[in-house]
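Residue numbers (the numbering used here): 754 to 981. Notes follow once the structure below has been shown.
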Amino acid sequence: MLFIGFALVIAVGLALLVSADAGTLVGLTQDQLGQLLPLVAILIFIAGGLFSRRYKFSELFGNLVLWAGIFGVVLVGYTYRDDLTLVASRVFGELMPGIAVVDGERGSATFRGGRDGHFQINATINGSDIRTIFDTGASAVVLTHDDAQKAGYATDTLRYDISVSTANGTGKAAAVTLDQVEVGGIVRNNVRAFIAEQGALETSLLGMTFLGTLTRYAVSGNALELVD
């Protein structure tokens, strides 16, 4: 009987909270509170198991405190999930250069510099994951011969009739238009690019035909920020 009364109190209280027009509660909107109902139902089920067995009061109280603590941690984590996700992304970005720390509200993607001083950027080009280097000195996005094949180009049919300057000297490249380039949630379609001939380029370059479409890009210390 005690459990039934306990469950009814919780159920009625949550129903009132979800149906109220008072706005938010502990940072949660009505929709978010509604999403928590399945979790509360599970906790009620667990509580029912505790009450259905004959525990000493001290054991019962200890179990209730434990589950209340778990519920509190889950509630706090859910409330601040966006902030926690951002912190985790920043830590991951430090450990894995090339991975974007995305801020959806600002429409920005931040990358950490590597030990070699370059900013590696993991891009998705024509649906394929390709590692590039941030390069404002490149007039266009430039793909290596191998990366171009990953992006779906038949490299043996292209005309390499454009002279380009690379770290290995002057080479030849073919002009193409990339269907889509996505970097840290920033998407651009129909991006003009070059494909370097075999052996002319070691790493693909994220150049100005993509960077020039951004609202802003800036380097501050060891961080590169791209803003949509």
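Glycine included, C-beta positions come from ideal geometry on N, C-alpha and C. Model, not experiment: these values are computed from the prediction.
Query - Secondary structure of Q902, DSSP reduced to three states - result: helix
query = Got a sec, what are the start and stop residues for the alpha helix (DSSP H) T962 sits in?
reply = M961 to L964
Worksheet entry | Beta-carbon proximity list for R898, same chain, < 8 Å, skipping 5 on both sides | For clarity, residue 898 is His in the given sequence; the question names Arg instead. The answer, listed in chain order, is T908, I948, A949, E950, Q951, G952, A953 and L954.
V854 to D981, Cα distance in whole Å? 14 Å
Taking the CB atoms as reference points, tell me whether V894 and V940 lie closer together than 7 Å. no
Beta-carbon proximity list for S881, same chain, < 6 Å, skipping 5 on both sides | Excluding residues within five positions, the ones whose Cβ falls inside 6 Å are K903 and A904.
Problem set entry | Closest by C-alpha distance to A1048, when choosing among R865, F963, I878 and G822 | Because the chain spans 754 through 981 in this model, residue 1048 falls outside it and cannot be assessed.
- prompt: Can you pull the DSSP bridge partners for V972?
  reply: L977
Exercise for review: Could you check what DSSP says for D909 in three-state terms: helix, strand or coil?
Suggested key: helix
Which residues in the same chain as T956 place their Cβ atom closer than 6 Å to its Cβ, once the five residues preceding and following it in sequence are excluded?
-> I886
Spatially closest choice to A926 from G870, A862, V917 and V934, by CA coordinates: V917
Worksheet item: Are the beta-carbon atoms belonging to A862 and G937 less than 7 Å from one another?
Response: Yes, these two residues count as a Cβ contact at 7 Å.
Review point. Where does the unbroken beta strand (DSSP E) through I852 begin, and where does it stop?
Key: If you look at I852, you'll find it isn't in any beta strand (DSSP E); DSSP assigns it neither H nor E.
Q: Report, in whole angstroms, the separation of the C-beta atoms of D888 and L977, which I expect to be a contact under 8 Å.
A: D888 to L977, Cβ: 11 Å. No contact.
>> For T738, report the span of its beta strand (DSSP E) as first-last.
In response: Not covered by the structure: residue 738. The range shown for the chain is 754 to 981.
### Query
To the nearest angstrom, how far is it from the Cα of R865 to the Cα of Q873?
8 Å
Q. To the nearest angstrom, how far is it from the Cα of R884 to the Cα of L911?
A. 22 Å
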